[in-house]
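Protein chains in written order, with the numbering used here: chain Z, 1 to 190; chain U, 1001 to 1258.
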């Protein structure tokens, strides 16, 4: 019993090490994973459930995940999960009348409403470009990480980002003008 | 845009964004699940959740120091395939916060990103340990009690004073409780109870006394000593009301939900 206990205790100590790692990557990246799933059209609660499943999968594959590459692994897993859930295309619900929704969203808490505004702007950007934009500008992934995640050439990351930026800034500018005209801007752009 | 292949310009949030663009992007980067959803996910995974504000920061991989950390809830066996039966998984970091109180005088324990035994940060200046943290090497025929007895400097006759808590002490405390949790996992309640009592004897002012008490409750339940377990659990809940550890202890002992 003694040697069995010692072996078991040793195994448990290894388990504890992995649990500690899982905890770290959960706290560092759960919001990123959740956002990735939301961008695939999942409702907030469904995205939380899918986020949990993503980390459960990661827990079983910890040995395969290089330290420092956890974020890319998690996003890739989340996107595959969203795909398997039938969410094949990026999406926030495209709003026929962005202006109307821009106005109503100002009633919610400011940060959440600004996040919704950002999503609405991104919904107007070419889907093949917005993914790169989001992964770089919002999630902070590097160019090689984005290329690997989206399975596109490294050079394509830069060109897609440039075009995505142009579209994003154009749409954001129109939205800002609209909000200013309606007096709902709240803060002025300098 | 950078001429080199794959070279990207500075992120808009860092350079070049208008105020309005920065506002949108910043909000999008901070968007995340609700605190309730975070805690639910953490509980299912058997890990501790950092405060919501920290967890929804810009995903640069650097969680900021946030609100007080919640103690961990029990994890599902499915999330932790190496663990059989109910195991109280206590986060080493979370263990430094008991019912919202943080023992700032003790060194932080951060496991970092390394695949090795949980690292212990260097102690505050002036309290450098005189020797490296002890490593207990099991030998053939060891019982867990034998293993604990070989932790240097820790015999039943020595009672460390709180003022002398060192990295070595923390390592020793963690060692004992890790093996006690292993005993719980193997449904060896008697062994777990012996280890908890040894812990309390060696570390009367131990950092992880609440966690030890939680293990004791579970060990007593495993041994069928339900009345004792519930009595201990009630006292624990009263002393640590509001902490997630007390919720877990209450659940283990079958106390009514509060």
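Note that the Cβ used here is the ideal one computed from N, Cα and C, for glycine as well. Here the structure is a predicted model, which means the values were calculated and not measured.
Residue i, enclosing alpha helix (DSSP H) - first and last residue
{"i": "residue 182(Z)", "result": "154-182"}
{"i": "residue 127(Z)", "result": "127-133"}
{"i": "residue 1196(U)", "result": "1189-1202"}
{"i": "residue 1216(U)", "result": "1209-1222"}
{"i": "residue 1233(U)", "result": "1226-1239"}
{"i": "residue 150(Z)", "result": "143-150"}
{"i": "residue 57(Z)", "result": "44-60"}
{"i": "residue 138(Z)", "result": "Premise fails: residue 138(Z) is in no alpha helix (DSSP H) and is neither H nor E."}
{"i": "residue 1040(U)", "result": "1035-1045"}
{"i": "residue 77(Z)", "result": "70-84"}
{"i": "residue 1010(U)", "result": "Note, residue 1010(U): premise wrong, no alpha helix (DSSP H); not H, not E."}
{"i": "residue 1255(U)", "result": "No alpha helix (DSSP H) contains residue 1255(U), which DSSP labels as neither H nor E."}
{"i": "residue 1027(U)", "result": "1019-1030"}
Sequence-distant residues of its chain with Cβ nearer than 7 Å to residue i (five each side left out)
{"i": "residue 121(Z)", "result": "168, 171, 172 and 175"}
{"i": "residue 1026(U)", "result": "1013"}
{"i": "residue 18(Z)", "result": "62"}
{"i": "residue 156(Z)", "result": "none"}
{"i": "residue 183(Z)", "result": "none"}
{"i": "residue 115(Z)", "result": "none"}
{"i": "residue 154(Z)", "result": "143, 144 and 147"}
{"i": "residue 1131(U)", "result": "Legend: pLDDT at residue 1131(U) = 41, less than 50; position of this residue unreliable, value from coordinates given subsequently. The answer is none, since no qualifying residue turns up."}
Cβ-based neighbour list, residue i, same chain, cut-off 8 Å, excluding 5 preceding and 5 following
{"i": "residue 58(Z)", "result": "22, 25, 65, 70, 73, 74 and 77"}
{"i": "residue 1173(U)", "result": "1199, 1203, 1206, 1207 and 1208"}
{"i": "residue 1017(U)", "result": "1025"}
{"i": "residue 163(Z)", "result": "126 and 129"}
{"i": "residue 1212(U)", "result": "1177, 1180, 1196, 1199, 1200 and 1206"}
{"i": "residue 1183(U)", "result": "1144, 1189, 1191, 1192, 1195 and 1219"}
Contact belief for residue i with residue j at Cβ below 8 Å, rounded distance in angstroms
{"i": "residue 1232(U)", "j": "residue 1220(U)", "result": "7 Å"}
{"i": "residue 143(Z)", "j": "residue 1008(U)", "result": "5 Å"}
{"i": "residue 1238(U)", "j": "residue 1253(U)", "result": "Contact flag wrong, Cβ pair sits at about 13 Å."}
{"i": "residue 35(Z)", "j": "residue 1032(U)", "result": "7 Å"}
{"i": "residue 132(Z)", "j": "residue 161(Z)", "result": "5 Å"}
{"i": "residue 31(Z)", "j": "residue 38(Z)", "result": "About 10 Å separates the two Cβ atoms, so there is no contact after all."}
{"i": "residue 137(Z)", "j": "residue 1011(U)", "result": "6 Å"}
{"i": "residue 1195(U)", "j": "residue 1180(U)", "result": "4 Å"}
{"i": "residue 82(Z)", "j": "residue 56(Z)", "result": "Going by Cβ atoms, the distance from residue 82(Z) to residue 56(Z) rounds to 15 Å, so no, they are not a contact pair."}
Same chain only: Cβ atoms within 6 Å of residue i, ignoring 5 sequence neighbours per side
{"i": "residue 1049(U)", "result": "1038, 1039, 1042 and 1070"}
{"i": "residue 1189(U)", "result": "1219, 1222 and 1223"}
{"i": "residue 1153(U)", "result": "Note that residue 1153(U) has pLDDT 42, beneath the 50 cutoff, so the model's placement of it is unreliable and the number below is only indicative. Cβ neighbours of residue 1153(U) beyond the five flanking positions: none."}
{"i": "residue 33(Z)", "result": "51, 54, 74 and 78"}
{"i": "residue 1058(U)", "result": "Unreliable positioning characterises residue 1058(U) in this predicted model, as indicated by a pLDDT of 43, which lies under 50. A coordinate reading is not provided."}
{"i": "residue 1249(U)", "result": "1214, 1217, 1233 and 1236"}
{"i": "residue 141(Z)", "result": "135"}
{"i": "residue 44(Z)", "result": "none"}
{"i": "residue 20(Z)", "result": "none"}
{"i": "residue 139(Z)", "result": "32"}
{"i": "residue 180(Z)", "result": "none"}
{"i": "residue 1036(U)", "result": "none"}
Chain C contact for residue i (CB, 8 Å cutoff)
{"i": "residue 77(Z)", "result": "This model lacks chain C altogether; the protein chains it does include are Z and U."}
Partner residues on chain U for residue i, Cβ-Cβ distance less than 7 Å
{"i": "residue 167(Z)", "result": "What residue 167(Z) touches in chain U: nothing, since even the nearest Cβ is about 13 Å away."}
{"i": "residue 164(Z)", "result": "Simply none; closest approach about 11 Å."}
{"i": "residue 22(Z)", "result": "1045 and 1047"}
{"i": "residue 114(Z)", "result": "1023, 1024 and 1027"}
Chain-ordered neighbours of residue i on chain U, where CB pairs are closer than 9 Å
{"i": "residue 55(Z)", "result": "1041, 1044, 1045, 1047 and 1079"}
{"i": "residue 171(Z)", "result": "Those do not exist, as residue 171(Z) stays about 10 Å from chain U at its closest Cβ, beyond 9 Å."}
{"i": "residue 44(Z)", "result": "1033, 1034 and 1037"}
Residues that residue i contacts on chain Z, provided the C-beta gap is smaller than 8 Å
{"i": "residue 1011(U)", "result": "136, 137 and 140"}
{"i": "residue 1007(U)", "result": "143 and 158"}
Within chain U, the residues that residue i reaches when beta carbons sit closer than 8 Å
{"i": "residue 26(Z)", "result": "1041, 1042, 1045, 1047 and 1049"}
{"i": "residue 52(Z)", "result": "1040, 1041, 1044 and 1045"}
{"i": "residue 121(Z)", "result": "1024"}
Under 7 Å from the C-beta of residue i: neighbouring residues of chain Z
{"i": "residue 1021(U)", "result": "169 and 172"}
{"i": "residue 1245(U)", "result": "The contacting residues do not exist; residue 1245(U) stays about 16 Å from chain Z at best."}
Residue i beta carbon near the ligand ZN (any heavy atom closer than 7 Å)
{"i": "residue 1024(U)", "result": "Of the ligands one can find in the structure shown there are none, so the ligand ZN has no counterpart to examine."}
Along the segment 1174-1208 of chain U, where does the CB come closer than 8 Å to a CB of chain Z? Name the residues.
Listed by position along the chain: 1178, 1179, 1181, 1182, 1183, 1185, 1186, 1188 and 1191.
At a CB distance below 8 Å, what residues from the segment 1024-1049 of chain U approach chain Z? Give them in sequence order.
1024, 1025, 1026, 1027, 1028, 1029, 1030, 1031, 1032, 1033, 1034, 1037, 1038, 1040, 1041, 1042, 1044, 1045, 1046, 1047, 1048 and 1049
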